[in-house]
Each structure stands twice: as structure tokens, then as C-alpha cells.
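Each residue of the sequence shown is one higher than the one before, counting from 0 in my numbering.
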Amino acid sequence: MTRPHLRTATATTTLTALLLLLAPTPAWADGGDPTAPPGSTTTSPPPEVDSNSPGLKLADGATLAPAKVLDIKSVVEDLGGEERREDTNTDVKFALQAEVLFPKDSAKLNPEANARIKAIAEEAKAQKATDVRVFGFTDNLGSYGHGRKLSRERAEAVHDELAGHLGPEVTFSVRGYSEDYPIADNASEEGRKKNRRVEVSFPRGATGTGTDTSTGSSTGTSTGTGTNATD
């Protein structure tokens, strides 16, 4: 036989749990996503939801939690891991390993790099991009200062080639982040190789068609540019 005071306690516990489930999630702010450089991603506003819609069938006194947008990310990487493409609802991002763009410890583009950069420029055109971000990164070997300088110079070299294909109407943000924001474990050479990279990203266009970036040859020259953001 259930005692009255035990039945009351059980009902109170159930009601408290229900209220916690239906209560709005408190808003909070963070310092940014540590897996991506600031400014490299954007977020679409959440859709509007009518809390009074009878189709929601909320219990009396219940309220909706704030709406959230769930980004869908598609990641494609070639077999050698030399080139990586990420597509989200709002952005397109390419990551090119430094080894396929530059000699060791150098910021001078090699001949193979030109075709890859031109292909990325064609994709930016297809997406009707007017703002392009070019960010350089290194592994954690050597000093941070040297990595900062090298990553910036490599980003600038890629920018110069891109600018020759995209024209002066495109605005660029060019930055070097040294060993910050790794995408792999620096404990192994395989991971460090992935971290030594240059990323090119831009907003997704409403009518972008998407192109194959694995082929192409360079015919443009570096001519200058848009606006370059500094660190």
C-alpha cells in the first residue's frame, strides 16, 4: 500500500523533471570554436517558430526552447590527403597541404601549386564569392615566431595567385596562425603534415554550381587585389 506522503513526493519529482525538460535552454557565449580560426565560419539565423501553433501540442504552461540551426558539413579528402574540401550550409573551405604548394621551409609556390589554386579560384567564381579568406598554418616544430612568419608569407603567396584569377572586386582576409588551430595530432609526422597547410574559404553562393578542383592549369598572373586584413 502506497503511503500518501510517498505518493506526493513521487508526483512532485515527476513534475520537476517535466519542467526541466520543457524549460528554455539558457543562452551562453563562448570564446569561439578552437578547431577553426575566427571568421572562418558563419552561422545562419535560426528559423522562426510560432510558439502558439496548435500543431505543437505543448502542455499547459510549457514553453519552447530557443531554435537552433544544425550545420551539415560535408568533408572530401583526396587519397593522399593533399587537398581537403569542407562544405557547410554557409561556407566552402579548401585546405591544401604545404608540401604540395611550397618547398620545405619556403613561401615560394611550386609549379604544381598554380593548377590547384586556379581550380579553387574557379570554384570561388562559381559561388560568386566577393570575400575570400586565406589563412596559413604550420605544425608545432620550431619556434612560434618563425611559424607565424612562414604561415603568413605562405598565405600571402596563395592570395597573390588567387587575386590574379579573381580580380580586384574580391576582398581578401590574409592571416598566418603558426601552430594554432591544428586539425590533426602534432605527435606524429602524419598529423604534422596535415597541420602544415593553407586554407582558402568563402561564403557559399545561392547559385553556386560546384566544380572539380582536382585539375586545371594556371594562366593568370598576380596583379593585386581587394583589401588585405592584417593580424
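Backbone N, C-alpha and C fix where the C-beta goes; we use that ideal spot for every residue, glycine too.
Keep in mind it's a predicted model, so treat the numbers as computed, not measured.
Cβ-Cβ separation, residue j to residue i (assumed contact under 8 Å), whole Å
i	j	result
serine 172	serine 150	Not quite, the Cβ-Cβ distance comes to about 14 Å (not below 8 Å), so this is no contact.
phenylalanine 93	glutamate 198	7 Å
glutamate 81	glutamine 96	5 Å
glutamate 152	alanine 106	4 Å
alanine 123	valine 131	6 Å
aspartate 138	asparagine 185	5 Å
Element boundaries [beta strand (DSSP E), containing residue i]
i	result
arginine 203	It is not in any beta strand (DSSP E) - arginine 203 carries neither H nor E in the DSSP assignment.
aspartate 130	130-136
valine 74	73-76
valine 157	First-last for valine 157: 143-165, but that is the alpha helix (DSSP H), not the beta strand (DSSP E).
valine 173	170-175
Paired residues, beta bridge with residue i - DSSP
i	result
serine 92	According to the sequence as given, residue 92 is lysine; it is not serine. Answer by DSSP bridge pairing, in chain order: Glu85 and Ser200.
serine 187	Beta-bridge pairing links serine 187 to no other residue.
Where the alpha helix (DSSP H) containing residue i begins and where it ends
i	result
arginine 115	110-125
Spatially closest choice to residue i from the options, by CA coordinates
i	options	result
isoleucine 182	Glu188, Val157 and Lys193	Lys193
glycine 166	Glu189, Lys127 and Glu188	Lys127
arginine 195	Arg147, Glu85 and Ala120	Arg147
valine 133	Ala58, Pro202 and Thr62	Pro202
proline 65	Thr87, Asn139 and Asp49	Asp49
valine 91	Thr129, Ala186, Gly163 and Ala156	Thr129
asparagine 88	Glu98, Ser73 and Gly79	Ser73
glycine 190	Leu63, Gly163, Phe136 and Thr62	Phe136
heavy atom of the ligand ATP below 7 Å from residue i C-beta
i	result
aspartate 49	Summarising the ligand content, the structure contains no ligands, and the ligand ATP is consequently not present.
(request) Assess, as a yes-or-no matter, whether the region 177-195 is touched by the region 129-144 under the definition of 3 or more beta carbon pairs within less than 8 Å. (result) yes
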